[in-house]
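Note that the protein sequences, when read in sequence, are chains R and W.
Each number in this note's numbering corresponds to the 1-based position in the first sequence with 2 added.
Each number in this note's numbering corresponds to the 1-based position in the second sequence with 1107 added.
Glycine residues also receive a C-beta, built at the ideal position from the N, C-alpha and C atoms.
Since the structure comes first, as structure tokens, the remarks are kept for the end.
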Amino acid sequence: MTIMNVKVTFWRVLFVVIMIVGLYSTYVRYLHGLGAVSNMNDQFPWGLWIGFDCLCGIMLAAGGFCITGAVYIFHVERLHCIVRPTILTAFLGYLLFIVGLLFDLGRPWFIWHQMIYINLHSVMFEVGTCVMVYTTVLLLEFVPNVLERFNLVGPIRWVKKIYPVLVCLGILLSTLHQSSLGSLFLIFPEKMHAFWYTPALPFFFFLSAIACGLAMTIFESTLSSRVFGRGLERSVITELGGALYVVLWVIALLRVQDYMHRKVYMDIFKPSYESYFLWAELTLAFVIPLFMLSFKKVRTNSNLLYIASLSTLLGFVTNRLNVAMTSMETWVGHHYLPSFTEVSITLMICAMGFFLFNMAVRFLPIFEDEHAAAHVEPAIQIGEVPQHSLVN
Amino acid sequence: MSKGILYDATLCIGCKQCESACAQQNELPYDEKVAAESVQTDHKFTTVLTKDDKFMRRLCQHCEHPACASACPVGAFHKTADGPVVYDVWKCIGCRYCMMACAFSQPKYEWGKLNPRVRKCIMCPDRVSAGKATACAEACPTGATKFGDHDALIAEAKDRIKQNPANYVDHIYGLNEVGGTSVLLLSAIPFEQFGLPKIDRVGDVALPEYTGRVMNLMPDFIPLWGLVLGGVYWVTNRRKEVEEVEAEEKAMRGGK
């Protein structure tokens, strides 16, 4: 079926539905306030938008600093072919984080106060500043795609010259704010359940960002190879799978050590509301992917590797939601469940991510191996409608 | 001289004069309906709780080292020399980290408004700096809420427990909790029965210390990590350059 020359597919219909519902919720958010749109209240001042859009959004965008670091700082040249899509994912991730923040902040119109009223003791200030600067760095890392598209050779040379500085700065800033997202929670030890409150939270947040950066790169490479019908760099994702395996082991062992050190390991096996959530998290983040990735057959099979990386991503998303929400429920004394409108805005932001990724891939030389001739002629003529779906 | 409030639950008769005075001072609505509310909200900064024939007043504790002030990215909270922890609404961006950080869940939010503020007891800073007692202390008919010099109040609280040990739980809530607070509470029954955080759960460490430990590492960590990254880049880049030159030389020698 086609309407006005646009082929109607399942994903496009879903996209339109999500956008319409999301726009309705946006209307409620900005005309009736946070109370009307969300289930947040004085007991749960942080909800899904901080838990998912911010904590998880930043974590899932960590591939940018992992891959650029490996390629430009450690000169692992074989990963070069995935740098551009990874930077695109990271750049979109941070942009959408800012969009999410504009929904969540009570007074988003004063977001710039961050730059003039400085509180150096505040972890939130550090996170905000790092994210702000890093988004600029990502923009500069991303902009060669656009310049190339319009054959602007001069500025590309300029960006190339400062590229190592950008990458170093990117890693430095990422180390700071990825770990500081965990430090945010250090100030209320009394409120959080012992499963998730640990002085090592900043380390775990940083390490889980690396794991998710790798998993997200595998996920995104595999998915885009399918959607855009392009070749998959099998050897590259196999290598990433191996790296993910090592990182997951490191995190798993440190988690065990942390639980032993704080003597809460026996509680893990006692059934309780918190331990169910912990089991879900540990199973998805460690048990399944570590089991799968230990087989070479899995690491060399793109379908199985895709499943392993998806499980890792879901596991660490569960982990961050647990830190941000589940761990506080006993203290507060009641449960928090996001409202329908809250969820719809999160979905809208995710859908925008998929849409923008798709648009960028269609109009910019993101997959450089296929568009090596971009300097000579634009790879895709504007107006030409590719056969693959609009969204996803 | 730092000021403080001593609330002695054994003297309280539950008349809620403090609630009404607080509402008047802060220009908040107060009627029978509000008086019946037992939770603090954006329109009720203090509340008198009842359990059987016992009472307990909840209000901002005005910590010596306020977690809200440490957490706020734009420094919208600060503790004045007189003792009150005050809020500058014009700085606030609405991140609500203060609400998360507060161990006593005191900052409340105007969830229904489009330009919402954080609301909490600010210990009448204008009255205090003018040398007057807070509105609640002035209104209290029995002296259950007493305003005065912080140190004198601590001494008095200790004395009251010593004089009548049978009447009190042997603990001054706020003397050491989260590193000490300007508001001190005395009660005949355990404080957690009124929803105050358990004494052993909040501990005596000033909350900003937990994040401070990490933040204090930053001035050393940033240049060090930057140097390491730059160093690794220099080494790997140099190796690449040498490899290229060697390959070129080899090719030239091979060509001869």
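Host alpha helix (DSSP H) of residue i (start-end)
| i | result |
| --- | --- |
| R:G306 | Note on identity: in this sequence residue 306 of chain R is Leu, with Gly being the wrong assignment. From DSSP, the alpha helix (DSSP H) with R:L306 extends over 304 to 323. |
| R:Y26 | 12 to 34 |
| W:V1192 | W:V1192 -> not in any alpha helix (DSSP H); beta strand (DSSP E) instead, spanning 1192 to 1194. |
| W:T1252 | Not the alpha helix (DSSP H): W:T1252 falls in the beta strand (DSSP E), residues 1252 to 1256. |
| R:G95 | 85 to 106 |
| R:F356 | 342 to 365 |
| W:L1135 | Careful: W:L1135 lies outside any alpha helix (DSSP H) and carries neither H nor E. |
| R:D260 | 236 to 263 |
| R:L178 | 155 to 185 |
| R:F206 | 203 to 229 |
Per-residue DSSP class, three states only, for residue i
| i | result |
| --- | --- |
| R:I5 | strand |
| W:T1288 | strand |
| W:E1355 | helix |
| W:M1207 | helix |
| W:Y1340 | helix |
| W:K1239 | coil |
| W:V1155 | strand |
| R:C56 | helix |
| W:C1170 | strand |
| W:T1249 | coil |
| R:Y136 | helix |
| W:K1123 | coil |
| W:K1265 | helix |
| W:C1202 | coil |
| R:A196 | coil |
| R:P110 | helix |
Short CB-CB distance (under 9 Å) between residue i and chain R
| i | result |
| --- | --- |
| W:A1228 | For clarity, residue 1228 of chain W is Cys in the given sequence; the question names Ala instead. No, because no Cβ of chain R sits closer than 9 Å to the Cβ of W:C1228. |
| W:Q1147 | yes |
| W:P1180 | yes |
| W:V1321 | yes |
| W:N1344 | yes |
| W:Y1216 | yes |
| W:F1152 | no |
| W:Y1280 | no |
| W:N1222 | yes |
| W:Y1317 | yes |
| W:T1141 | A small correction: the amino acid at residue 1141 of chain W is Val; Thr does not occupy that position in the sequence shown. False, the Cβ-Cβ gap to chain R never drops below 9 Å. |
| W:F1328 | yes |
| W:M1163 | no |
| W:M1325 | yes |
C-beta neighbour in chain W for residue i, strict 9 Å
| i | result |
| --- | --- |
| R:H115 | yes |
| R:T348 | no |
| R:E241 | no |
| R:E372 | Note that R:E372 scores a pLDDT of 47, beneath 50, so its modelled location is shaky; the value from the coordinates is reported in the next line. No - not a single Cβ of chain W is within 9 Å of the one on R:E372. |
| R:I400 | It is not possible to answer for residue 400 of chain R, since the shown part of chain R is limited to 3 through 394. |
| R:L178 | yes |
| R:L50 | no |
| R:G66 | no |
| R:T4 | no |
| R:G102 | no |
| R:L286 | no |
| R:H2 | What the structure shows of chain R is the stretch from 3 to 394, and residue 2 of chain R is not part of that stretch, so it cannot be assessed. |
| R:Y119 | yes |
| R:L188 | yes |
| R:V169 | yes |
| R:S181 | yes |
| R:F127 | yes |
Delimiting residues of the beta strand (DSSP E) encompassing residue i
| i | result |
| --- | --- |
| W:H1185 | 1184 to 1186 |
| R:M61 | Here R:M61 belongs to no beta strand (DSSP E); instead the alpha helix (DSSP H) covers 59 to 62. |
| W:F1162 | 1161 to 1165 |
Residues sharing a beta bridge with residue i, DSSP
| i | result |
| --- | --- |
| W:G1052 | Residue 1052 of chain W cannot be examined here, being either before or after the span of chain W that is shown, 1108 to 1363. |
| W:K1115 | According to the sequence displayed, residue 1115 of chain W carries Asp and not Lys. DSSP output for W:D1115 lists W:L1293 as bridge partner(s). |
| W:R1226 | W:K1215 |
| W:Y1280 | W:L1292 |
| W:T1148 | W:K1151 |
| W:V1110 | Note that residue 1110 of chain W is Lys in the sequence shown here, rather than Val. Paired residue(s): W:D1256. |
For the stretch 31 to 45 of chain R, list every residue whose C-beta sits within 9 Å of some C-beta in chain W, in sequence order.
Y32, L33, H34, G35, L36, G37, A38, S40, M42, N43, D44, Q45
Going along the stretch 1193 to 1211 of chain W in order, which residues come within less than 7 Å of chain R, judged by CB to CB distance?
K1198, C1199, I1200, G1201, C1202, R1203, Y1204, M1206, M1207, A1208, A1210
Give the residues from the stretch 1276 to 1309 of chain W that approach chain R closer than 7 Å (Cβ to any Cβ), ordered along the chain.
P1304, R1308, V1309
The stretch 55 to 80 of chain R: positions lying closer than 7 Å to chain W by Cβ
I75, F76, H77
Short of 8 Å Cβ to Cβ, which residues in the stretch 1330 to 1360 of chain W face chain R?
W1332, G1333, L1336, G1337, V1339, Y1340, T1343, N1344, R1346, K1347
Cβ-based contacts, 9 Å cut-off: residues of the stretch 217 to 248 of chain R near chain W
none
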